[in-house]
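J.: Read left to right, the sequence shown gives residues 96 to 557 (this note's numbering).
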Amino acid sequence: MNGKTILVWFRNDLRIHDNEILFEAIRRADKIVPVYCFDPDHFGISSLNTQKTGAIRAKFIIESVANLKKSLQKLGADLIVKFGKPEDILPEIVQQYAVAEVYHHREVASEETETSAKVEAALWKLQINLRHFIRHTMYHKEDLPFPIKDIPDVFSIFRKKIERESTVRQCLATPEAITVPAGMETGAIPTLADLGLEEQEYDERSVLHFKGGETEGLKRLAEYIRDFNLSVNSKDLRSQAPGAYSSKLSPWIALGCISTRKVYWEIKNNEHLIAKETLNRMMLELLRRDYFRFMLKKHSNKFSQAKERAEQRSGAEENDEDLFLSWKNAGTGVPFIDAIMNELNATGYISNSGRQNIANFLIKNLRVNWVRGAAYFKEKLIDYSPASNLGNWIYIVEETGKSPADNKNSAILKLANESDPKGDYVRKWLPMLASIPGSLIHEPWKLSPDELKAYGIQEHTF
Numbered sequence: 096m097n098g099k100t101i102l103v104w105f106r107n108d109l110r111i112h113d114n115e116i117l118f119e120a121i122r123r124a125d126k127i128v129p130v131y132c133f134d135p136d137h138f139g140i141s142s143l144n145t146q147k148t149g150a151i152r153a154k155f156i157i158e159s160v161a162n163l164k165k166s167l168q169k170l171g172a173d174l175i176v177k178f179g180k181p182e183d184i185l186p187e188i189v190q191q192y193a194v195a196e197v198y199h200h201r202e203v204a205s206e207e208t209e210t211s212a213k214v215e216a217a218l219w220k221l222q223i224n225l226r227h228f229i230r231h232t233m234y235h236k237e238d239l240p241f242p243i244k245d246i247p248d249v250f251s252i253f254r255k256k257i258e259r260e261s262t263v264r265q266c267l268a269t270p271e272a273i274t275v276p277a278g279m280e281t282g283a284i285p286t287l288a289d290l291g292l293e294e295q296e297y298d299e300r301s302v303l304h305f306k307g308g309e310t311e312g313l314k315r316l317a318e319y320i321r322d323f324n325l326s327v328n329s330k331d332l333r334s335q336a337p338g339a340y341s342s343k344l345s346p347w348i349a350l351g352c353i354s355t356r357k358v359y360w361e362i363k364n365n366e367h368l369i370a371k372e373t374l375n376r377m378m379l380e381l382l383r384r385d386y387f388r389f390m391l392k393k394h395s396n397k398f399s400q401a402k403e404r405a406e407q408r409s410g411a412e413e414n415d416e417d418l419f420l421s422w423k424n425a426g427t428g429v430p431f432i433d434a435i436m437n438e439l440n441a442t443g444y445i446s447n448s449g450r451q452n453i454a455n456f457l458i459k460n461l462r463v464n465w466v467r468g469a470a471y472f473k474e475k476l477i478d479y480s481p482a483s484n485l486g487n488w489i490y491i492v493e494e495t496g497k498s499p500a501d502n503k504n505s506a507i508l509k510l511a512n513e514s515d516p517k518g519d520y521v522r523k524w525l526p527m528l529a530s531i532p533g534s535l536i537h538e539p540w541k542l543s544p545d546e547l548k549a550y551g552i553q554e555h556t557f
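#1: For residue 311, count neighbouring Cβ atoms within 10 angstroms of its own Cβ and tell me buried if that reaches 16, exposed if not.
#2: If you follow the alpha helix (DSSP H) that residue 564 is part of, which residue opens it and which one closes it?
#3: Indicate whether residue 443 and residue 157 have their beta-carbon atoms separated by less than 7 Å.
#4: Is the beta carbon of residue 483 sitting closer than 7 Å to the one on residue 419?
#5: Near residue 488, what residues of its chain come up, given a Cβ to Cβ distance below 7 Å and the 5 sequence neighbours on each side ignored?
#6: Residue range of the alpha helix (DSSP H) that residue 184 falls in?
#7: In the structure shown, what three-state DSSP assignment does residue 102 receive?
#8: Take residue 410 and list the residues in its own chain whose beta-carbon comes closer than 8 Å to its own, dropping the five residues that flank it on each side.
#9: DSSP three-state label for residue 137, please.
#10: In angstroms, rounded to a whole number, what distance separates the CA positions of residue 545 and residue 526?
#11: Take every Cβ of the stretch 124 to 144, pair it with every Cβ of the stretch 261 to 278, and state whether three or more of those distances are shorter than 8 Å.
#12: What are the uninterrupted segments assigned as alpha helix (DSSP H) that are 4 or more residues long and contained completely in the stretch 488 to 534, given in chain order?
#13: Which residues in the same chain have their Cβ closer than 6 Å to the Cβ of residue 336, if we skip the five residues on either side of it in sequence?
#14: Would you mind sorting residue 146 into buried or exposed? The rule is 16 or more other CB atoms within 10 Å of its CB.
#15: Note down, one range per segment and in chain order, each alpha helix (DSSP H) of at least 4 residues found wholly within the stretch 203 to 271.
#16: Measure from the alpha carbon of residue 194 to the alpha carbon of each residue in 456, 221 and 376, then state which is nearest.
#17: Pull up the distance between the alpha-carbon of residue 383 and that of residue 512, whole angstroms please.
#18: Does residue 309 come out as helix, strand or coil in the three-state DSSP assignment?
#19: Once you ignore the five residues that flank residue 377 on each side, which residues in its own chain have a CB closer than 7 Å to its CB?
#20: Would you give the residue range spanned by the beta strand (DSSP E) that residue 196 belongs to?
#21: Which of the three DSSP states, helix, strand or coil, is assigned to residue 131?
#22: With a threshold of 7 Å on Cβ separation, who are the neighbours of residue 306 within its own chain once the five nearest residues in sequence on each side are excluded?
#23: So, do the stretch 109 to 123 and the stretch 258 to 271 have three or more beta carbon pairs nearer to each other than 8 Å?
#24: How is residue 168 classed by DSSP in three states: helix, strand or coil?
#25: Do residue 481 and residue 204 have their beta-carbon atoms positioned less than 7 Å apart in this structure?
#26: Output needed for residue 186: all residues of its chain with C-beta closer than 7 Å, excluding positions within five of it in sequence on either side, in chain order.
#27: Can you say whether residue 379 is buried or exposed, counting buried as having 16 or more other CB atoms within 10 angstroms of its CB?
#28: So if DSSP puts residue 126 in a beta bridge, which residue, or which two residues, is it bridged to?
#29: As a quick exercise: from 133, 122 and 123, pick the residue whose alpha carbon is nearest that of residue 105.
#30: Alpha carbon to alpha carbon, what distance is there between residue 424 and residue 541?
#31: Starting from residue 541, trace the alpha helix (DSSP H) in both directions and tell me its first and last residue.
#32: For residue 249, is the classification buried or exposed, using 16 other Cβ atoms within 10 angstroms of its Cβ as the cut-off for buried?
#33: Is residue 252 buried or exposed, if buried means 16 or more other CB atoms sit within 10 Å of its CB?
#34: Residue 363: beta carbon under 6 Å from a heavy atom of the ligand NAD?
#35: On the criterion of 16 or more Cβ atoms from any shown chain inside 10 Å, does residue 309 qualify as buried, or is it exposed?
#36: If we count the other Cβ atoms within 10 Å of its Cβ and call it buried at 16 or more, is residue 181 buried or exposed?
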């Protein structure tokens, strides 16, 4: 071809299928240098004293990078893996392999865009261009019926216009072979210990054994399609806390192990197997993910300023600490909330309704600053995505401000009884209360000391 070498900087796009930067690099260059950087900034402590990336998500990332490396090796290539700041590492690799250009998928959250800017500045000193691709969404931004700045702020309006006027592009071809420079030094994938984290044992109560990587993501998608005929009443099932049915593809989507476009077309091509209501809900969730990314792009300064103001207030709110600790450690005394927190802490994954429930409780019942909850979700959730996390928390804050403050305790109990009428979910995640019969498990404070003792519950605060 032209003897050109392009560096492909993988970030949250850890796959070889439907990968625009990989596809374009192969099309335009003779040799590809695939690189992934474990950025130490992603594994430190946040300003709110939470771990930026917890052990469960870190393990999922490590597994995903390892799977990408294996996939590239099958194509005759490999993956350079480094631990360090991308703005330091990438220029070194560029010089080592005479790279002509660097390709990457641009993110929308401030932390990620700041990293891109630092890399771009470092490469500019070498007169090397950092080419930005924006393709983490199901709908390509060029195919939207409005520019980013004019995207409707109301989701229902956004959805109606998108579904009427836009189409989802077909997936890009998966490469059959990739050529890399001879003798490319690849480095080693770090362990959790290398990242300063301890292994967290897998909890058998988890709704799914999440394992990182494109291979596992595609496998889960195939299983989901195959089992769709079992979910005719999925809307009812999804509202139930125990075993809430959903695709559970979000961890792989968040890291780009599987593209949302791939999910869309697999569902469309198999819709004859899928209950209509289930199909519509899945498409709705994919579209909502797009919406949050586009909203963060449109309102990046507004969202960042709101987060900064909330962080400043959090530091001045003396009562936040004890209440926040009771929430994150599943010690609120409300069994339904504590059960959800136990599931989050043990597995890194909870249903969407579970996330809304504990977020609402933190904000409305405990009156703790929402940024603390958002930071904790970032640490714990295996499917953490900046746009979705920030967007959902801000949405909940706004909705909480509109709802009446009265009867907040009765509201959570009503929700608990509707979502977990027999108390099975609470028994699963709060086994200390398992002996309490029926829905009474949601209100153990109604039991006398003698009744608690009869159920084998010696001490607990409600």
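By construction, the Cβ of each residue, glycine as well, lies at the ideal position given by its N, Cα and C atoms.
T.: Reading off the structure:
#1: buried
#2: Outside the shown range of the chain, which is 96 to 557, sits residue 564, and nothing can be said about it.
#3: no
#4: no
#5: 454, 465, 468 and 469
#6: 181 to 191
#7: strand
#8: Interpretation of residue 410 is limited by its pLDDT of 48, a score under 50 that renders its predicted location unreliable; the figure taken from the coordinates is listed afterwards. Hits under 8 Å: none found.
#9: helix
#10: 19 Å
#11: yes
#12: 503 to 514 and 519 to 524
#13: Reliability fails at residue 336, whose pLDDT of 42 lies under 50, so the model's placement of it is uncertain and no value is given.
#14: buried
#15: 205 to 219 and 250 to 260
#16: 221
#17: 28 Å
#18: helix
#19: 342 and 362
#20: 196 to 200
#21: strand
#22: 158
#23: yes
#24: helix
#25: yes
#26: 217, 218 and 221
#27: exposed
#28: 100
#29: 133
#30: 23 Å
#31: That residue, residue 541, is in no alpha helix (DSSP H); it is neither H nor E in DSSP.
#32: exposed
#33: exposed
#34: Judged by which ligands are present, the structure shown has none, so any question about the ligand NAD falls away.
#35: buried
#36: buried
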